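Here the structure comes first, spelled out in structure tokens, and everything after it is commentary.
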Amino acid sequence: MKITDIKFSVEKIRNRFISSLVFVALIYNLTVSWKVFSNIPLSDPASYPEIAKVSKFFYDTGIREPVQIYIVKFFMLFGLNDILSVRAATTLIAAFFGVLLFRFIFKRYGFTASMVAGFVFAANPYMGYYSLQGVNNLTSGFFLMLFVYFLTKKEYGRGNLIYTSLFAALSMLTRLENILIVFLILASFVLINFSKTKLRFSLLIFAFSFVAVLPYPLHQAYKYKSPTHSHNMAARFWTNTEKNGPRSVQRYKDGPMSISGFLFRDGISGAALSLGKGYFKSFFHYIPRILYYKTAFFLFILGFIVTVLRKKYFLASLLPIMILPVVFIAGIDQISKGSGIELRFYINVLWLLGIYAGLGVNTVAVYANKKLEKLAVKK
């Protein structure tokens, strides 16, 4: 047996061992989270089972987008009680999320990057907590990750078009604001290294996914007289919370409010200021908190800088795009004075933060390995 063959075998065994540690961390996190957090009452997701019971068809889910409702409905078919169905649905999604994230990054950026990103996701306490809370933000991130994965395969055939459009649509039907996120991601994909093929492919993706999503806002328009009724109610919630404080009782007082009315409630200059402050607070307050560990935040910063320096502009653009719908509410105290908003609004980008961290470590490791090889040759 050649030395190179032995080296390859040892490396393969090492990689499998470390990969297994990532999956052990994932299972351990979800298991401990189930023991610790399964008695904490649910917030909004507590209403999902009742909505699932009265829903007559897929798009008939009221002010809650249908994907999460029907995932819960699926688990209810197995005889699980209402709350258990909500918790089991998102916990299983979190498990799939961790496994597919590792595979995605391994195929794109190599083992070192996948190992780091895998641990950033698998060992994150907030991921475990929110998987037990049944929030659709985690599911939203899952489908956005799959959408980005198939989009960046650079295969423009029919098969990849179907998969990319499917996951784009599922992300939109999990959280409706993902229509904007998917549109901006596709725009970034086209404009960076523009080609007519990419433009045509992206237009088809958006058209197919939007057609699949359209019945939901149309049903909202029929039922509530507005295609964006759910988000109009959310706009009123955030306006009243900002105006009257987080402890105010009637946060939906005065009824639906237009999204533009919320965004420009302080005029154009106020909206621009809110945008800038929101991004600043996101990067230096919420993202360090959602990453939980200081080491993970350091690796994210390193990786994001490396991503820009290596001219991976599309990858770098994903973070500001994906948190855009959140930055306008980032300065509002949702729960108590000084609390800010719930961290669940940032859990959908945890996988992306892991990719940046993994890419940063991988780049440093490759650079260090080359330097060591040069020193060895000189000796």
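Per the numbering used here, the very first residue in the sequence shown carries number 51; after that it's consecutive. Here a beta-carbon is modelled for each residue, glycine too, at the ideal position from N, C-alpha and C. Since we're looking at a predicted model, the values are computed, not measured.
Return the first residue and the last residue of the alpha helix (DSSP H) that residue i is part of.
i: Q183; result: P175 to Q183
i: D132; result: D132 to Y159
i: H279; result: H279 to N294
i: S88; result: S88 -> no alpha helix (DSSP H), and no H or E assigned at all.
i: A218; result: R208 to M222
i: F395; result: Per DSSP, F395 belongs to no alpha helix (DSSP H) and is neither H nor E.
i: M372; result: Y363 to M372
i: H335; result: Segment: none, H335 is in no alpha helix (DSSP H) and carries neither H nor E.
i: N187; result: N186 to L201
i: F239; result: N228 to L241
i: Y98; result: Y98 to V104
i: K248; result: K246 to V263
Please state if the CB of residue j and the CB of residue i are separated by a distance shorter than 8 Å.
i: A75; j: F169; result: yes
i: L369; j: V414; result: no
i: G381; j: K331; result: yes
i: A285; j: G311; result: yes
i: A192; j: F147; result: Note on identity: in this sequence residue 192 is Phe, with Ala being the wrong assignment. Against a cut-off of 8 Å, the Cβ pair of F147 and F192 comes out as a contact.
i: G184; j: P95; result: yes
i: P277; j: A271; result: yes
i: I340; j: Y176; result: yes
i: L188; j: F87; result: no
i: M372; j: I143; result: no
i: A407; j: G328; result: no
i: V263; j: I229; result: yes
i: L401; j: F239; result: Leu is not the amino acid found at residue 401; the sequence shown has Trp there. In this structure, F239 does not lie closer than 8 Å to W401 by Cβ.
Do you know offhand how far residue i's Cα is from residue j's?
i: S245; j: T202; result: 14 Å
i: N222; j: S324; result: In the sequence on display, residue 222 carries Met and not Asn. Computed Cα separation, rounded: 25 Å.
i: I337; j: A167; result: 15 Å
i: V376; j: F395; result: 7 Å
i: F156; j: K420; result: 21 Å
i: R301; j: I113; result: 16 Å
i: F334; j: G129; result: 44 Å
i: S252; j: S367; result: 16 Å
i: F162; j: V356; result: In the sequence as presented, Phe is not what sits at residue 162; that position holds Thr. Going by the C-alpha atoms only, they are around 15 Å apart.
i: A418; j: Y363; result: 24 Å
i: K303; j: A102; result: 27 Å
i: N174; j: I77; result: 12 Å
i: A138; j: K275; result: 34 Å
i: L403; j: L196; result: 15 Å
i: K293; j: T111; result: 30 Å
i: P267; j: L349; result: 40 Å
i: L422; j: I68; result: 23 Å
Assuming residue i contacts residue j (C-beta within less than 8 Å), just tell me the rounded distance between them.
i: T214; j: F200; result: 4 Å
i: P116; j: Y109; result: 6 Å
i: N186; j: T224; result: 5 Å
i: I397; j: Y180; result: 5 Å
i: V72; j: F152; result: 6 Å
i: L211; j: I242; result: Not confirmed; about 20 Å, so no contact.
i: L409; j: Y159; result: 6 Å
i: S70; j: G178; result: No, S70 and G178 are not in contact; Cβ-Cβ is about 19 Å, not under 8 Å.
i: T291; j: Q384; result: 6 Å
i: V149; j: V136; result: That belief does not hold up - the Cβ atoms of V149 and V136 are roughly 22 Å apart, past 8 Å.
Stretch-stretch touch, CB-based, cutoff 8 Å, three pairs: the region 254 to 266 with the region 206 to 220: yes
The region 333 to 348 touching the region 286 to 304, judged by at least three CB pairs closer than 8 Å: no
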